[in-house]
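**Q**
Protein chains in written order, with our numbering: chain A, 3 to 338; chain B, 8 to 280.
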């Protein structure tokens, strides 16, 4: 029995990665849930919006690197992030003007907008691959670790090490800042409140003199910022590959639905629920259990419930369970 | 006398009749129904129209509110009461007639523009932002105002003290009567020149209904003209300066509330004797 080592191993392999992944999912799910709440459809192009924003960040990062501009220990990508956000905002506003607004004016049913967003998804997919190619791109630089496993062992004298990647630290810090800003905006500012009002009751918002086009434009701007931040953090933490961002759509949608579509708090909670489930179910528990189990009862197998190849199945199963037993999600969003 | 081709035959004999210079104009004044719309502040004048390209629901229907008065639209189910209200607010396709606010023709304005012009409208259903607090509901009501609206909010709280108590609570958690107060309060936040209420007492208990009527009278005492659709015809006509009974989209009876309450025909057909 060795609780301390078990705890450190658990943190190193489960808690820390899950918190980082959960933050990225939460940011992605916030974007989906905002679109769902205000434009009233599930935006299938969200994953590729993230890919596009990240692509611009990567291009700027490479440009800065080639000019020798860096942020020292921090990744240069943070410097390029605002440019990526601006480009993504421009992209979404142009898409809205060219595509979505037409259907809004027709008062098209939401399901038509869903299909339209799939079209946008395919086009963005192509654009990103056309510019950057389908391959893996690495753009992380600066310090790799806040604490390496070896330093941690030397510091504490424990057998297990706790590595904290700088990208994980940055992910959590940036996510907290982004979420705090978003909630402040939605709950405290006049524009934010008008967005919530429009999401709650479109007719009454119109009667109160709220301009829907303005609300929609603000939504796209916020979604662009969230998507680019989420995509860049994910790309820094793992690696950048357009197809992976397309695949991220599933856990992101699962997060938004588990939390309750249209509910920002729910999106964050859902992100962490999905991330923790995914990591705990695909983690080989042998090491942690070896520390915890009494002498002689250590597990001989890996104690891995599911191979990591099947991690998307976890999102699917959670989605199914939630839709069967609590269709409004954890935080009473709109029923699906 | 009236005999087709033989008509006018004897009249041609000018030895016995003299048609030259005979007068043809006759005086036929009035419709027999006084509308009293001369001093109306808000008037939907002889409106005919329906939803979209559908059949006409309103037929030559006139609704007017005088300054400082309460006008009530009553009538049987499906008479077009709410439709008349919507027509005045620009949510119906009018094919004829006009809507005028304070003498200005607003027939072609969108509902949002009418709000800017000073019309406050409380729809019958989903008339509050359920997920937002009472205070935020009022703030959203004042969205078009760029000036400081805290004194208006204080007035609304004076009028509906219960809202001040519950101002941090989500409006969706309130009772039916309190929700209606939020809805009216929200509409008052723009400081409207005229207030339109679509069945403000629908679905609330009789006690709450009495209280709501009292509040509406209080709002009216502040000088805001009120146009209101009501199911509870008797109570509504009792507080009305002017009542309109609609039947099948037409003005059936018009008069002061007292007149209508006293009118035997109106009593018989709509007030249950």
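Beta carbons: idealized from backbone N, C-alpha and C, even for Gly.
So is residue 118 of chain B in contact with chain A if we call contact Cβ pairs under 9 Å?
**A** At least one chain A Cβ lies under 9 Å of residue 118 of chain B.
**Q** What whole-angstrom Cβ distance do residue 215 of chain B and residue 184 of chain B have, given they're in contact under 8 Å?
**A** About 4 Å separates the two Cβ atoms, so the contact holds.
**Q** Compute the Euclidean distance between the alpha carbons of residue 216 of chain A and residue 223 of chain A, then round it to the nearest angstrom.
**A** Going by the C-alpha atoms only, they are around 11 Å apart.
**Q** Shortest alpha-carbon distance to residue 238 of chain A belongs to which of A:143, A:68, A:270?
**A** Of A:143, A:68, A:270, the residue nearest in Cα terms is A:143.
**Q** Measuring CA to CA, which of A:278, A:317, A:299, A:295 is closest to residue 7 of chain A?
**A** For the residues A:278, A:317, A:299, A:295, the minimum Cα distance to residue 7 of chain A belongs to A:295.
**Q** Residues in its own chain within less than 6 Å of residue 255 of chain A by CB, not counting five upstream and five downstream?
**A** There are no such residues.
**Q** My understanding is that residue 189 of chain B touches residue 122 of chain B, with C-beta atoms under 8 Å, so please give their C-beta distance in whole angstroms.
**A** 17 Å between Cβ atoms; not a contact.
**Q** At least one CB of chain B closer than 9 Å to the CB of residue 37 of chain A: is that the case?
**A** Not closer than 9 Å to any Cβ of chain B, the Cβ of residue 37 of chain A fails to qualify, so no.
**Q** In angstroms with no decimal places, state the Cα-to-Cα distance between residue 301 of chain A and residue 266 of chain A.
**A** Going from the Cα of residue 301 of chain A to the Cα of residue 266 of chain A covers about 41 Å.
**Q** Can you name the residues that DSSP bridges to residue 274 of chain B?
**A** Bridge partners of residue 274 of chain B: none, in fact.
**Q** Evaluate residue 117 of chain A with the Cβ neighbour count: other Cβ atoms within 10 Å of its Cβ, from every protein chain shown; 16 or more gives buried, anything less gives exposed.
**A** Residue 117 of chain A should be labelled exposed.
**Q** In terms of residue numbering, what span does the beta strand (DSSP E) encompassing residue 77 of chain B cover?
**A** Taken as a continuous stretch (DSSP letters only), the beta strand (DSSP E) holding residue 77 of chain B covers 77-81.
**Q** If distances are taken between C-alpha atoms only, which option among B:93, B:58, B:249 comes closest to residue 131 of chain B?
**A** Looking at the Cα atoms, B:93 is the closest of the given residues.
**Q** Counting only C-beta atoms, is residue 180 of chain A closer than 9 Å to chain B at any point?
**A** It does not; no Cβ of chain B falls within 9 Å.
**Q** Please tell me whether residue 281 of chain A and residue 268 of chain A are closer than 9 Å, where the distance is taken between their beta carbons.
**A** The answer is no: Cβ separation not under 9 Å.
**Q** In its own chain, which residues sit with a C-beta less than 6 Å from the C-beta of residue 174 of chain B, not counting the 5 before and 5 after it?
**A** So the qualifying residues of the chain are 141, 142.
**Q** What did DSSP end up calling residue 17 of chain A once you bin it into helix, strand or coil?
**A** Residue 17 of chain A: helix per DSSP, three-state reduction.
**Q** Quick one: using the 10 Å Cβ neighbour count with 16 as the cut-off for buried, is residue 326 of chain A buried or exposed?
**A** Label assigned to residue 326 of chain A: exposed.
**Q** Residue 203 of chain A touches chain B at which residues, Cβ-Cβ below 7 Å?
**A** Here the neighbours are 133, 136.
**Q** Please report the straight-line C-alpha distance between residue 277 of chain B and residue 181 of chain B, rounded to a whole angstrom.
**A** Answer to the nearest angstrom: the Cα atoms are 33 Å apart.
**Q** According to DSSP, is residue 21 of chain B helix, strand or coil?
**A** Residue 21 of chain B falls in the coil class under three-state DSSP.
**Q** Taking the C-alpha atoms as reference points, what is the distance between residue 132 of chain A and residue 31 of chain A?
**A** Going by the C-alpha atoms only, they are around 26 Å apart.
**Q** Express the C-alpha separation of residue 212 of chain B and residue 2 of chain A in angstroms, rounding to a whole number.
**A** Because chain A here runs from 3 to 338, residue 2 of chain A falls outside it and cannot be looked at.
**Q** Give the DSSP bridge partners of residue 258 of chain B, in chain order.
**A** For residue 258 of chain B, which the question treats as bridged, DSSP gives the partners B:253.
**Q** Give the straight-line distance between the Cα atoms of residue 61 of chain B and residue 236 of chain B, rounded to the nearest whole angstrom.
**A** Straight-line Cα distance between these residues: approximately 23 Å.
**Q** Cα separation between residue 337 of chain A and residue 34 of chain A?
**A** Its pLDDT being 49, under 50, residue 337 of chain A is placed unreliably by the model, and nothing is read from it.
**Q** Is residue 199 of chain A close to chain B, meaning its C-beta is less than 9 Å from at least one C-beta of that chain?
**A** For residue 199 of chain A, the answer is yes, since a Cβ of chain B falls inside 9 Å of its Cβ.
**Q** Determine the burial state of residue 265 of chain B: buried for a count of at least 16 other Cβ atoms within 10 Å of its Cβ, exposed for fewer.
**A** Residue 265 of chain B should be labelled exposed.
**Q** Do residue 234 of chain B and residue 203 of chain B have their CB atoms nearer than 9 Å?
**A** In this structure, residue 203 of chain B lies closer than 9 Å to residue 234 of chain B by Cβ.
**Q** Cβ of residue 36 of chain A within 9 Å of Cβ of residue 225 of chain A?
**A** For residue 36 of chain A and residue 225 of chain A, yes; Cβs fall inside 9 Å.
**Q** Looking only at C-alpha atoms, which of B:20, B:84, B:51, B:31 sits nearest to residue 254 of chain B?
**A** Out of B:20, B:84, B:51, B:31, B:84 has the C-alpha closest to the C-alpha of residue 254 of chain B.
**Q** Are residue 316 of chain A and residue 284 of chain A touching if we call contact CB-CB under 9 Å?
**A** Yes.
**Q** Count the other C-beta atoms from every protein chain shown that fall within 10 angstroms of the C-beta of residue 159 of chain B, then say buried if there are 16 or more, exposed otherwise.
**A** Residue 159 of chain B comes out buried.
**Q** Roughly how many angstroms separate the alpha carbons of residue 162 of chain B and residue 231 of chain B, rounded to a whole number?
**A** Their Cα atoms are separated by approximately 14 Å.
**Q** Quick one: is residue 8 of chain B buried, meaning 16 or more other Cβ sit within 10 Å of its Cβ, or exposed?
**A** At residue 8 of chain B, the pLDDT of 48 sits below 50, so the modelled position is not reliable and the matter cannot be decided from this model.
**Q** Can you list, in chain order, the residues of its chain whose CB lies under 7 Å from that of residue 219 of chain A, leaving out five sequence neighbours each side?
**A** Once the five neighbours on either side are set aside, the close Cβ partners of residue 219 of chain A are 95.
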